[in-house]
Amino acid sequence: MTVNNMTIRIGGAAGNGVESSGAGFCQALGRAGLHVFGLPDYYSRIRGGHNFYSIRISDRPLYSHAEPVHLLLALTAETIPRHRDKVVEGGAIVYDLKQVREPPSAVPGVQFLPLPLSDMAKETAGTELARNTVVLGVAAGLTGLDLSPMESVIRQNFGRRGQKVVDGNLAAADAGYKAGQKYAGDFPFKLRRNPSAPPRMVVSGTEAFSLGALAGGCRFVSAYPMTPGSPVLHWMAAHAAQYGVVTKHTEDEIAAICMAIGAAHMGARALVPTSGGGFSLMVEALGLAAMSETPVVIYNAQRPGPSTGLATRNAQADLLFMLYASQDEFPRFLLAPGTHEQCFVAGWRAFNLAEKYQTPALVLSDHYLAVATRTLEMGAFDFDAVQIERGELLSPAELDALDEEYLRYRLTPSGVSPRALPGHPKAVYVAESNEHDPAGALDEEIENRIAMVEKRQSKLIGMVEEMSGPARYGPAEAETTFVCWGSTYGPLREAVDLLNAEQPGRANMLHFSDLWPLPLEPVTAALASARQRIAVEVNATAQLATLLRSQTGIQMDGAILKYDGRPFTPEYILARVRTDRRASKSLPLDR
Amino acid sequence: MVSRKDFDSPNEPTWCKGCGNYGILNAIKMALAEQGLAPHQVLMVTGIGCGSKIPQYMKVNGFHTIHGRALPVATGARLANHGMKIMCVHGDGDGYGMGLGHMMHAIRRNIGLVDIIQNNRVYGLTKGQYSPTSDVGMRTPTSPEGAIDRAVPPLGLAIAAGATFVARGYPGELPHLAWLIGQALQHDGYALVDVLQPCVTFNRASAYDFYNPRVYRLQETAHDVTNKTAAWEKAYEWGERIPIGIFYRVEGVPTYESQVPTLKAGPLVRQPLQKLRPEQVHALCTELI
Ligand SMILES: Cc1ncc(C[n+]2csc(CCOP(=O)(O)OP(=O)(O)O)c2C)c(N)n1
Ligand code: SF4
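Each protein sequence line maps, in turn, to chains A and B. All residue numbers for the first sequence refer to the numbering used here, where the first residue is 1 and numbers rise by one. All residue numbers for the second sequence refer to the numbering used here, where the first residue is 1001 and numbers rise by one.
Next up, the structure:
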């Protein structure tokens, strides 16, 4: 018998409520004191197709999903052939008799449990739509999980729809539970409630970043919906009235960034959440923010492209694009949080960086990190550490006392000019998109041009001081050092643990979350001390490896790359390490 | 007391001698002074073009942005600080070409700003290509055989989109133009002021000699500014007689900013910017349990 270490996967068609019930079950497990890592997988369509939600459950904190499935809950016939290979020995496949007419062919060591899920839903809740509740009840019955956390989630989530719906779903869950209990004896994977666990949140990367941004004083959010960036706009819109935020769903992404620039110019902390296609439209205005020295924060939750690409899938292929987007050159920040905790920090830190250096701060997330949920303790987000640092922003009193002409783009050693918000009689100025002199007047002369390029570039000296080198996970000395960035942190961390469990000292990893400007000393030191360096990235050209080589001259020894639109799993990384011990053959790095 | 002189800048305009933008510059200064608005109380957002350089040539808070995007920058500025007067000033290439989509959305939001279009019916800064309001047949470097595209009818589009203030002015009638801009500044909501701006260098066919004998003041006729049908008809009157003045005006349509819950407590930038209070943190985290 295995207790509190399994993955439950529920699969169905779009419209079957797979995602909402998966999320609800994660919440219930969190209330039961268990750790979960929840991951929805869905097609970019409203009806049909095949969606599934994987819920990995453990006693210890989880950083990643995993491939083996212990219990597959099939709402549609298609779910079975798609996932049967992943079901482990001793595992079970529960399916809806009404959907699956032909009995599926056997899988050695796997139990098939055909149940009249649709009929049970109809009898208890009056609608077949409650099949998902029934099947989660079955999961609770099979695993021996006490039903009460699930009941509390049902009461909360269905409460809005009235008592009848709540009662119907409670009855559906109970019917499923009883049906599941009948087969529990033959099912070796069990879940036990942990009553002594502290209360835990179930948080997505979207929520973590949004919370951080709000805590950091984000007051203006303008965006055009694009998966997987728009959930940040949804979250902010839902909290706007209560927390004093203005949100604007704009006519397009050009308007989104331009509105944010306008709002930031007036003094509001402004955020633009988007995905790669939207960011592509923003590129010219990104340069406007840099030239006019307007602090804005842009959040790009990456998805695979190019063009429309795969709307609901995952990639880490916008790194070099974000770094170099726009004509000409200017300093920018590029942060790529790897965990939910780092998403929270990036949310508030980006505003401080943007305001202190009066330049755009870009945050790179991706679909995986944005949608994956993890259980975190209530204190996991350090709200006490949050600071609102506005840099050299002149107060009205300082402006009152000003006894010389105010120069918006005054030349300073730091490259940062004290900033006045429009509205004060002593600081009437033009923010300029053309090249300008310190006062903001148009100036095309050679000397001025050189001075202004150097002024903007010299911000990098201070900016790089704000950046941290890579974080190491695993032993200080290891045979192989994996190098990754952003959301690859989770799956790679678990892969490192697995490798070291087999062979101590086999692997460690360097995770980059401060991508630009790169602090060369710690970066070089960390890379140079590694014996064998393998880049692990969700793209086809090893973009981080390219960046590191260009900045440090240090080359990776190989790369594990993935560009199938799906995130890494620990198992995938292990398999690649084993099948190709050098893991570099046929990879572009060797060219 | 605010006077016209308060808006004077030491920077000399780089416009051609006789350019209609001089008149627009003067009319704006006159209107602002008349309305008692001081330079620091106004933000002038411009696009890119000859005319869009205007904040450089007067004392006013300005934001000289990128081509076609003045309206969304101005909209963001307005939402962040609706305590300030926001004016957008840009050319017809900027406003009716690149920025036409933004204009439709600014109109349907009824965002509170004055939108002045320096409509010279040509691209000035890039040296004379035909613009969205150029006449069919106009020969320019990008239309050597004559422009084929039919002209954008800006006033008709604005009225159709639901604009609450639609006007046209002409720098050849300077006091009238200043009066129009003053009326637009008083309007609560989006106010379009299309200005027939002579470009003496690239569009001589549509300069003073063309407009002087043709323009007439709508407000000297029996035109009813609240009558949408009449406004619509006047918007398409073009030829021997060209109307200037206020075509359409309705007051009392709520502005976008007046309906945003957060802005009921005052301009966003004047609301306190501080860390979340412990009870707020608790509430936000509890939502996630
Ligand atoms: C994205 C972009 N495309 C093209 C240009 C080049 N450009 C500058 S001004 C202009 C047109 C100017 O015409 P208009 O807006 O009518 O202003 P005018 O110069 O006539 O006042 C163009 C095409 C630019 N600055 N940015
Ligand atoms: S080119 Fe035309 S619009 Fe530009 S400054 Fe000269 S006259 Fe004015």
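Backbone N, C-alpha and C fix where the C-beta goes; we use that ideal spot for every residue, glycine too.
Distance cut-off 6 angstroms: residue i Cβ against heavy atoms of ligand 2
i         : result
B/Thr1201 : yes
B/Cys1050 : yes
B/Trp1015 : yes
B/Asn1119 : no
B/Gly1124 : yes
B/Cys1019 : yes
Pair within 7 angstroms by beta-carbon distance, residue i and residue j
i         : j         : result
A/Thr76   : A/Gly12   : yes
A/Leu574  : A/Leu498  : yes
B/Met1084 : B/Leu1043 : yes
A/Tyr368  : A/Asn314  : yes
A/Leu319  : A/Phe333  : no
A/Val153  : A/Gln27   : yes
A/Thr488  : A/Val523  : no
B/Ile1024 : B/Gln1118 : yes
A/Ala372  : A/Leu39   : yes
A/Ala301  : A/Ser365  : yes
B/Leu1071 : B/Gly1099 : yes
B/Ala1160 : B/Val1166 : no
A/Val246  : A/Phe279  : no
A/Gly423  : A/Phe209  : no
A/Ala595  : A/Cys258  : Here chain A comprises residues numbered 1 to 591, so residue 595 of chain A is not present and cannot be evaluated.
A/Gly490  : A/Tyr42   : no
Bridge-paired residues (DSSP) for residue i
i         : result
A/Met452  : Paired residues: none, contrary to the question.
A/Pro198  : A/Pro198 is not bridged to any residue.
A/Ala74   : A/Gly11 and A/Tyr95
A/Pro273  : A/Tyr299
B/Ser1009 : None; B/Ser1009 has no bridge partner.
A/Glu377  : A/Arg200
A/Tyr473  : A/Met509
A/Asp366  : A/Gln302
A/Ile534  : A/Phe482 and A/Gly558
A/Val3    : A/Lys190
A/Ser249  : The sequence given here places His at residue 249 of chain A; Ser does not occur at that position. The partner list for A/His249 (beta bridge, DSSP) reads A/Ala223.
B/Cys1088 : B/Val1045 and B/Asp1115
A/Ser54   : A/Arg9 and A/Leu39
B/Pro1243 : B/Tyr1216
B/Thr1140 : B/Ser1143
B/Met1058 : B/Asp1008
Residue range of the unbroken beta strand (DSSP E) whose run includes residue i
i         : result
A/Val36   : His35 to Asp41
B/Asn1119 : Val1114 to Asn1119
B/Val1193 : Ala1191 to Leu1196
B/Lys1167 : The sequence shown places Ala at residue 1167 of chain B, rather than the Lys named in the question. Unbroken beta strand (DSSP E) run through B/Ala1167: Phe1165 to Gly1169.
A/Trp516  : Asp514 to Trp516
B/His1064 : Asn1061 to His1064
A/Pro491  : No beta strand (DSSP E) contains A/Pro491, which is instead part of the alpha helix (DSSP H) from Tyr489 to Glu502.
A/Phe330  : That residue, A/Phe330, is in no beta strand (DSSP E); it is neither H nor E in DSSP.
Residue i: CB within 6 angstroms of a non-hydrogen atom of ligand 1
i         : result
A/Ile57   : no
B/Asp1092 : yes
A/Ser468  : no
B/Gly1062 : no
B/Ser1131 : yes
B/His1067 : yes
Where the alpha helix (DSSP H) containing residue i begins and where it ends
i         : result
B/Ile1107 : Leu1100 to Arg1109
A/His239  : Ser230 to Tyr243
A/Ser307  : Run containing A/Ser307: none; DSSP gives neither H nor E here.
B/Tyr1208 : Tyr1208 to Tyr1211
B/Pro1072 : Ala1070 to Ala1080
A/Phe25   : Val18 to Arg31
A/Pro114  : Careful: A/Pro114 lies outside any alpha helix (DSSP H), inside the beta strand (DSSP E) at Gln111 to Leu115.
A/Ala372  : Counting along the chain, A/Ala372 falls outside any alpha helix (DSSP H), and DSSP gives it neither H nor E.
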